[in-house]
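Structure, as structure tokens:
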Amino acid sequence: MAKKEKGISFNLISRQKLNDLSSSEKLKYILKEVRQGRILVLEHGLTPTEQTALIENTMKEIDHDTFIGIEMGGYGEEKAGFFQRVFGVIKKPRMTVIGPAHLLKMIHKDNDKIETTIIPGRGVN
Amino acid sequence: MGIFSIFKRGKFSSIIQKVFGKKHAKIGIYGPPNVGKTTLANRILREWTGDIMGSVSDIPHETRRAKWKTNIKIDNGGSSLVMDLVDTPGIATKIDFKEFMNTYGLNKEESRMRAKEATEGVIESIRWLEDIDGVVLVMDATKDPFTQVNVTIIGNLEARNLPILIAANKIDADEASPATLKSAFPQHPVVPISALTGYNTEDLYNTMVKHFGKKRNKKRR
Chain A
1 MAKKEKGISF NLISRQKLND LSSSEKLKYI LKEVRQGRIL VLEHGLTPTE
51 QTALIENTMK EIDHDTFIGI EMGGYGEEKA GFFQRVFGVI KKPRMTVIGP
101 AHLLKMIHKD NDKIETTIIP GRGVN
Chain B
1001 MGIFSIFKRG KFSSIIQKVF GKKHAKIGIY GPPNVGKTTL ANRILREWTG
1051 DIMGSVSDIP HETRRAKWKT NIKIDNGGSS LVMDLVDTPG IATKIDFKEF
1101 MNTYGLNKEE SRMRAKEATE GVIESIRWLE DIDGVVLVMD ATKDPFTQVN
1151 VTIIGNLEAR NLPILIAANK IDADEASPAT LKSAFPQHPV VPISALTGYN
1201 TEDLYNTMVK HFGKKRNKKR R
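Laid out in structure tokens, this is it:
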């Protein structure tokens, strides 16, 4: 049997998977994965309301010894076109990266680039 | 009283604001930790009521419970805004008690307590978003404006159709770049200020009266 490699898990989550979950299921899933030390890249990010709820849920989960919070970075919402606005199509949030704050550090973010670094063994023991 | 006397200085804009806008608003001061929210709240209160809101510190998360003062009247000469001002704890996505120990020299017990209270403060700030009419979002003009906290707060308020005024604070620092903030969030008014020295707060008050006095249909979630 092959020996399991130790390392940092980096999971890319499809738009389809996220669309199949309700907002609360999505937040629960993200926080569970991140608490287990996984870094997630969401193909389809969170709405501002979901982001706020994720911060609130994160604060409830912080225990100071094993989990100090999250690092999150995403691009703004896609701009709705004329016809989308007329027909009330909701603007879609774009790709977002979320990980445990002791592993993932946001270096720089602007409209075109999110720069992160991964620091194994930093922060939480 | 003749019709022309109504149009004298102050009266006309006051009538317009009464008919079309809000005369009494609940305004929240929001932002990440250590950007100068309480320093700004203290300045506003000191200048318009002679009171103060709370203590300030270089250590992040000094404000860990929301504080508010009611019926503060701001006047820009032509019209005025009466507001309840809420100073909220800094919003963060992570809180590490070791940072208080290693960077700011607090002992372990103090650090853990501060971190615990800070997490509760973030939750309280987020819950206050449900109950406010407008936000002064304080940003540190010496730092990168595209932080997730700034983006999240702005996105959340835009979704509710609530007015946002960005106070680009710490303009007295050499490395401050208010132009970066203006280009980052062109859809909202950005006023460069120094809450510490009082630089340009007159402009901030004028913009608050104009911006928060406008009539808007707040979306409830």
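Residue numbers (the numbering used here), protein chains in the order written: chain A, 1 to 125; chain B, 1001 to 1221.
Each residue gets a CB set at the ideal place from its N, CA and C atoms; glycine is no exception.
Could you list the residues in the region 37-52 of chain A with a C-beta less than 7 Å from some C-beta on chain B, going in chain order? Here the close residues are P48, T49, Q51, T52.
Quick one, which residues of the region 1089-1100 of chain B are near chain A if we go by CB-CB under 8 Å, in chain order? I1091, A1092, T1093, K1094, I1095, D1096, F1097, K1098: these are the residues of the region 1089-1100 of chain B whose beta carbon lies less than 8 Å from some beta carbon of chain A, given in chain order.
Bounding residues of the alpha helix (DSSP H) (the contiguous stretch that carries F1100(B)): As a first step, residue 1100(B) is located in the second sequence; it is residue number 100 there, counting from the start. That run of the alpha helix (DSSP H) goes 1097-1102.
Just checking, does the region 42-52 of chain A make contact with the region 93-113 of chain A on the three C-beta pairs under 8 Å criterion? yes
Consider the Cβ of W1123(B): report whether some Cβ of chain A lies at a distance smaller than 8 Å. Stepping through the second sequence from its first residue, residue 1123(B) is reached at position 123. For the sequence presented, residue 1123(B) should be read as Ile rather than Trp. At least one chain A Cβ lies under 8 Å of I1123(B).
Where S1111(B) falls, given that 16 or more other Cβ within 10 Å makes a residue buried: As a position in the second sequence, residue 1111(B) is number 111, starting the count at 1. Its Cβ being crowded by 16 or more others within 10 Å, S1111(B) is buried.
Between the alpha carbons of K1182(B) and N111(A), how many angstroms are there, rounded? Within the second sequence, numbered from 1, the residue matching residue 1182(B) stands at position 182. Within the first sequence, numbered from 1, the residue matching residue 111(A) stands at position 111. Their backbone Cα atoms lie some 14 Å apart in a straight line.
Ignore the nearest five residues each way along the sequence and tell me which others in V1191(B)'s own chain have a CB closer than 8 Å to its CB. By one-based count along the second sequence, residue 1191(B) stands at place 191. Closer than 8 Å at Cβ, skipping near neighbours: L1165, I1166, A1167, A1168, N1200, D1203, L1204, T1207.
Looking only at C-alpha atoms, which of R1046(B), D1058(B), W1048(B) sits nearest to V1035(B)? Taking the first residue of the second sequence as 1, we reach residue 1035(B) at position 35. Minimum Cα distance to V1035(B) is reached at D1058(B).
Buried or exposed (CB count within 10 angstroms, at least 16 for buried), K1170(B): Taking the first residue of the second sequence as 1, we reach residue 1170(B) at position 170. The residue is buried, with at least 16 neighbouring Cβ atoms inside 10 Å.
Please confirm if E71(A) has its CB atom under 8 Å from at least one CB of chain B. Residue numbering aside, residue 71(A) sits at position 71 when the first sequence is read from its first letter. Yes, its Cβ sits closer than 8 Å to a Cβ of chain B.
Out of N1102(B), K1098(B), P1089(B), T1152(B), point me to the one whose CA is closest to V1122(B)'s CA. For this step, residue 1122(B) is matched to residue 122 along the second sequence. Comparing Cα positions, the closest option is P1089(B).
Is D110(A) close to chain B? Criterion is C-beta to C-beta, closer than 8 Å. By 1-based counting over the first sequence, the position of residue 110(A) is 110. Closer than 8 Å to some Cβ of chain B, the Cβ of D110(A) qualifies, so yes.
Partner residues on chain C for T66(A), Cβ-Cβ distance less than 9 Å: The chain labelled as chain C is not found among the protein chains of the depicted structure, namely A and B.
Does the contact criterion of 3 or more C-beta pairs under 8 Å hold for the region 1069-1079 of chain B versus the region 1089-1107 of chain B? no
What does the Cβ neighbour count give for S9(A), buried or exposed, with the cut at 16 atoms within 10 Å? Taking the first residue of the first sequence as 1, we reach residue 9(A) at position 9. Exposed: under 16 other Cβ atoms inside 10 Å.
Beta-carbon within less than 7 Å of K105(A)'s beta-carbon, same chain only, minus the 5 sequence neighbours each way: which residues are those? Translated into positions along the first sequence, residue 105(A) becomes position 105. Contacts found: E71, T116, T117, I119.
Quick one: list the residues of chain A neighbouring I1126(B), beta-carbon separation under 7 Å, in chain order. One-based indexing of the second sequence puts residue 1126(B) at position 126. What I1126(B) touches in chain A: T52, I55, E56.
To which residues of the same chain is P1178(B) closer than 7 Å at the C-beta, ignoring the five residues directly before and after it? Taking the second sequence and counting its residues from 1, the one referred to as residue 1178(B) is at position 178. Only A1141, A1168, I1171, V1190, P1192 meet the Cβ criterion.
Do the CB positions of R1043(B) and G1198(B) come within less than 8 Å of each other? Your numbering for residue 1043(B) matches position 43 in the second sequence. Your numbering for residue 1198(B) matches position 198 in the second sequence. Yes, these two residues count as a Cβ contact at 8 Å.
Chain A within 8 Å of Q1187(B), Cβ atoms only: Your numbering for residue 1187(B) matches position 187 in the second sequence. No, because no Cβ of chain A sits closer than 8 Å to the Cβ of Q1187(B).
With DSSP collapsed to three states, give me the class of V41(A). If you number the first sequence from 1, residue 41(A) lands on position 41. Correct three-state label for V41(A): strand.
In this structure, does DSSP put Y1205(B) in helix, strand or coil? Sequence index remark: in the second sequence, residue 1205(B) carries index 205 (1-based). In the displayed model, Y1205(B) falls within a helix according to three-state DSSP.
Going by C-alpha distance, which of T1039(B), H1061(B), L1040(B), T1049(B) is nearest P1032(B)? Position 32 of the second sequence, counted from the start, is the residue given in the question as residue 1032(B). Looking at the Cα atoms, H1061(B) is the closest of the given residues.
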